[in-house]
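Our numbering numbers the first residue of the sequence shown as 4 and each following residue consecutively.
We treat Cβ as the ideally placed atom computed from N, Cα and C, and that holds for glycine.
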Amino acid sequence: MRAAEARVLLTGASGGIGRAMVQALHGAGAAVLGVGRGTPSMLPAGAAWLQADLGTAEGVAAVARAAGHWRANVVVLAAGLPAFGPLASTPVAQMQAVLQANLLAPMQLTQALLPHLRGLPRAQMIYLGSALGRIGLPGFAVYGASKAGLHGFAEAMRRELADSTVRVQILAPRSTRTGFNGAAVEAYNRATGTAMDTPQVVAAALLQLIESEAAERFIGWPERLGVRLNALLGGRLDAGFGKHRRSLPSASLNTITEGESS
Ligand SMILES: NC(=O)c1ccc[n+]([C@@H]2O[C@H](COP(=O)([O-])OP(=O)(O)OC[C@H]3O[C@@H](n4cnc5c(N)ncnc54)[C@H](OP(=O)(O)O)[C@@H]3O)[C@@H](O)[C@H]2O)c1
């Protein structure tokens, strides 16, 4: 649909990419209802805000109710949590939080929002995926798994809803300069020659995706090519990731050895 016709419910609206999306959507004439756990310091005039924690059933239900009352016809799920480092450094609690925010919450929100969206003449459901959801990189096993799950979910939902009025889409940025990526990721990106986009690049791609209604959009070159090659060649590319492996910070979590946990 045209951006000016869009009434966009946006999760992750307080984040680096989310804030750029709020500005871009507002500039294109779309109405915006942002969702975040806190209250934003600055919102464009006319933008609305809902405080909700997507890690709770109450938060998910509040978003679904607000989508109906506010008559949202585009939902953009951009809330998410990062995880970076060798697997041995990733506490199980962080694995659970990342899977909850990046995969379970979008599934629960989709289920809760569909009754409203299916009642509209035209609606769009857009997920924030990642190049790392299609290319597994050393250091991003947990995060990449959460986004790979989200890509699989979005693809299946797109096909499940193909004869409905709801268009399912996925926007997959590459590394982007926001608070999401700490100094360790920036160092890894420098060492591996990985380019980083500004959040404004991602926000501009969202506007294009709303208007084109394309199924998916991967941002950046060579990531777009990498995603295709990885799907075709898989394991035959493994030898190309030695520099990424060597650029990881060393493992720091104290692993529990047998006997210590009792
Ligand atoms: N930055 C990148 O390199 C990059 C690359 C590819 C894809 N992405 C994806 O793009 C999306 C946005 O990333 P970003 O860079 O903007 O990250 P960010 O600046 O860290 O923002 C994350 C957003 O997620 C929200 N959030 C996290 N947990 C939540 C919860 N339980 N309930 C409600 N909101 C929650 C945060 O809200 P609060 O204010 O409440 O914390 C915040 O608005 C994520 O899905 C990320 O995976 C990012």
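Close Cβ partners of residue i (< 7 angstroms) along its chain, the five nearest in sequence each way excluded
{"i": "residue 171", "result": "128, 157, 160, 161 and 164"}
{"i": "residue 222", "result": "175, 176, 177, 200, 204, 205 and 208"}
Under 8 angstroms between C-beta atoms of residue i and residue j
{"i": "residue 9", "j": "residue 33", "result": "yes"}
{"i": "residue 109", "j": "residue 80", "result": "yes"}
{"i": "residue 6", "j": "residue 212", "result": "no"}
{"i": "residue 145", "j": "residue 86", "result": "yes"}
{"i": "residue 271", "j": "residue 56", "result": "The structure shown does not extend to residue 271, since the chain is modelled only from 4 through 265, so no value can be given for it."}
{"i": "residue 101", "j": "residue 12", "result": "no"}
{"i": "residue 141", "j": "residue 232", "result": "no"}
{"i": "residue 230", "j": "residue 104", "result": "no"}
Buried or exposed (CB count within 10 angstroms, at least 16 for buried), residue i
{"i": "residue 150", "result": "buried"}
{"i": "residue 237", "result": "exposed"}
{"i": "residue 14", "result": "buried"}
{"i": "residue 83", "result": "buried"}
{"i": "residue 22", "result": "buried"}
{"i": "residue 226", "result": "buried"}
{"i": "residue 147", "result": "buried"}
{"i": "residue 137", "result": "buried"}
{"i": "residue 228", "result": "exposed"}
For residue i, the nearest candidate out of the options (CA to CA)
{"i": "residue 143", "options": "174, 184, 166 and 39", "result": "184"}
{"i": "residue 38", "options": "44, 125 and 66", "result": "66"}
{"i": "residue 28", "options": "87, 252, 137 and 203", "result": "203"}
{"i": "residue 19", "options": "243, 253, 36 and 180", "result": "180"}
{"i": "residue 190", "options": "232, 168, 215 and 88", "result": "88"}
{"i": "residue 246", "options": "214, 195 and 53", "result": "195"}
{"i": "residue 30", "options": "64, 167, 112 and 50", "result": "50"}
{"i": "residue 117", "options": "104, 76 and 136", "result": "76"}
{"i": "residue 46", "options": "214, 111 and 16", "result": "16"}
{"i": "residue 52", "options": "36, 64 and 60", "result": "36"}
Contacts around residue i, its chain only, beta-carbon distance under 6 angstroms, and the 5 residues preceding and following it disregarded
{"i": "residue 132", "result": "150, 153, 154, 173 and 175"}
{"i": "residue 106", "result": "149, 152 and 153"}
Rounded Cβ spacing between residue i and residue j (contact assumed at less than 8 angstroms)
{"i": "residue 62", "j": "residue 119", "result": "The Cβ separation is near 16 angstroms, so there is no contact."}
{"i": "residue 255", "j": "residue 92", "result": "5 angstroms"}
{"i": "residue 4", "j": "residue 125", "result": "6 angstroms"}
{"i": "residue 42", "j": "residue 54", "result": "6 angstroms"}
Sequence-distant residues of the same chain with beta carbon closer than 8 angstroms to residue i, five excluded per side
{"i": "residue 220", "result": "172, 173, 174, 175, 208, 211 and 212"}
{"i": "residue 187", "result": "87, 88 and 252"}
{"i": "residue 112", "result": "14, 57, 63, 66, 67, 78 and 80"}
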